[in-house]
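Inspection log for the structure reproduced underneath, given as structure tokens.
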């Protein structure tokens, strides 16, 4: 297993409608890029950004963490364990309670949000990193649009390599568009395809099925 840390969540909403989560290894040599939901982005960013305003009431992940504490259950670590169908990730929350260890199936975003609240380590299986990991752009931590654009160009250059994840390539392309502000407005078909990819990445399968039907309808009428 490879230990990860949350390197960044961005670009911030509303600059980009689909936030992106950057998970780097401890040496900051490789990174996993996940498209995530706005609520999940806030749940994670609120734990890593001291300037992020805390919600007035506990969020779902705060509630779950309190439940674990109440029952003396310890989150030992979370693990991004699988890349399924080259489209979405599977995660596990490893918990110890009453002297017994158990594994809870989870979305990566939920597992990470909980791990940050419980100060638990985050890991990824080596084969997942080999399949989906990318070289960390050296300019990621610099300021300005040019630096971010350069980072995305590096990611796009690697996205074409055999065995890389389509979702990561989509993330890079969308990030570039949000920074440049130069692309023509998307057609309804392009918009639907973008929403479908986001739904798959966020494991919203009912939305994905609806969007597939919409894409089929748009393709037939084109």
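Numbering (this note's numbering), first residue to last: 245 to 466.
The beta carbon of each residue, even a glycine, is placed where N, CA and C say it ideally should be.
C-beta contact flag for residue i and residue j at 8 Å
i, j, result
"residue 356", "residue 339", "no"
"residue 285", "residue 275", "no"
"residue 372", "residue 324", "yes"
"residue 353", "residue 288", "yes"
"residue 455", "residue 439", "yes"
"residue 442", "residue 459", "no"
"residue 358", "residue 305", "yes"
"residue 380", "residue 447", "no"
Any non-hydrogen atom of the ligand ZN within 7 Å of residue i CB
i, result
"residue 346", "For the ligand ZN, the structure offers nothing, since it holds no ligand at all."
Inter-residue Cα distance where the pair is residue i and residue j
i, j, result
"residue 327", "residue 316", "31 Å"
"residue 366", "residue 351", "13 Å"
"residue 375", "residue 332", "12 Å"
"residue 293", "residue 360", "12 Å"
"residue 300", "residue 347", "31 Å"
"residue 303", "residue 281", "15 Å"
"residue 362", "residue 431", "43 Å"
"residue 425", "residue 278", "For residue 425, the pLDDT reaches just 37, beneath the cut-off of 50, and the residue's location in the model is therefore unreliable, leaving the point undetermined."
"residue 336", "residue 283", "20 Å"
"residue 453", "residue 343", "42 Å"
"residue 451", "residue 312", "31 Å"
"residue 457", "residue 264", "26 Å"
"residue 341", "residue 307", "17 Å"
"residue 266", "residue 349", "21 Å"
"residue 270", "residue 449", "33 Å"
"residue 250", "residue 345", "25 Å"
"residue 252", "residue 370", "21 Å"
"residue 254", "residue 310", "27 Å"
Sheet register partners of residue i (DSSP bridge)
i, result
"residue 379", "274"
"residue 344", "341"
"residue 289", "None, per the DSSP bridge assignment."
"residue 436", "DSSP lists no partner for residue 436."
"residue 241", "As displayed, the chain neither begins before 245 nor continues past 466, which places residue 241 out of reach and without an answer."
"residue 269", "248"
"residue 358", "Paired residues: none, contrary to the question."
"residue 283", "Its beta-bridge partners do not exist; DSSP assigns none."
"residue 367", "247 and 323"
"residue 336", "323 and 349"
"residue 253", "265"
Closest by C-alpha distance to residue i, when choosing among the options
i, options, result
"residue 364", "462, 447, 262 and 291", "291"
"residue 465", "442, 433 and 451", "433"
"residue 330", "321, 377, 341 and 343", "377"
"residue 334", "322, 345 and 252", "322"
"residue 248", "262, 368, 344 and 450", "368"
- Message: Extract the residue ranges of the beta strand (DSSP E) inside the segment 293-330, only unbroken runs of 3 or more that lie entirely within it.
- Response: Taking only runs of at least 3 residues, the beta strand (DSSP E) segments lying wholly in the segment 293-330 are 318-328.
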